[in-house]
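Peer 1: Sharing a structure below in structure tokens format, with a few things to ask.
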């Protein structure tokens, strides 16, 4: 039997297609959250990079909460930006979420699979969730 816990919501944020991966997978205190785009109600939210970034983090917050984790547990964030000129606007939203207790982070430019400006994933850790 696997010690992995897979989290998957019924929400389908990327249009009407069911995506072939978990929202997150937990293993021995580590929670790996799949990349989230700025999607809600079946489509990308309007308003540009700031609105999309806020929605990415709202989607991640929902997954963290479902799994019993929070922002203080996040140890690493990965960011993919469609346009590198959005870097500073994204950082503003990132700072609103993490403040001065920011996790490690990588940020790269990448062409997106959907018509979106940003994708964010993360890894969280809770020592109290480790198997004895």
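Residue numbers (my numbering): 2 to 133.
Beta carbons: idealized from backbone N, C-alpha and C, even for Gly.
1. To the nearest angstrom, how far is it from the Cα of residue 37 to the Cα of residue 60?
2. Take the Cβ of residue 22 as the centre, count every other Cβ of all protein chains shown within 10 Å, and call the residue buried at 16 or more, exposed below.
3. Going by Cα to Cα distance, which pick from 114, 126, 6 and 122 is closest to residue 108?
4. Looking at the structure shown, is residue 122 part of a helix, part of a strand, or coil, going by DSSP?
5. The beta strand (DSSP E) with residue 5 in it runs from where to where?
6. Need the endpoints of the alpha helix (DSSP H) that residue 94 sits in, please.
7. At the level of alpha carbons, what is the spacing between residue 126 and residue 118?
8. Terminal residues of the continuous beta strand (DSSP E) containing residue 82?
9. Alpha carbon to alpha carbon, how far is residue 48 from residue 2? Give it in angstroms, no decimals.
10. Taking only the alpha-carbon atoms, compute the straight-line gap between residue 43 and residue 29 and give it to the nearest angstrom.
11. Grouping DSSP H, G and I as helix and E and B as strand, with all else coil, what is residue 110?
12. For residue 10, collect the residues of the same chain with a Cβ closer than 7 Å to its Cβ; drop the 5 residues on either side in sequence, then sort them by chain order.
Peer 2: So, to answer that:
1. 7 Å
2. exposed
3. 122
4. strand
5. From DSSP, residue 5 is part of no beta strand (DSSP E); its letter is neither H nor E.
6. 88 to 99
7. 27 Å
8. 75 to 82
9. Note that residue 2 scores 44 on pLDDT, short of 50, meaning its location in the model is unreliable and no value can be drawn from it.
10. 32 Å
11. strand
12. 24
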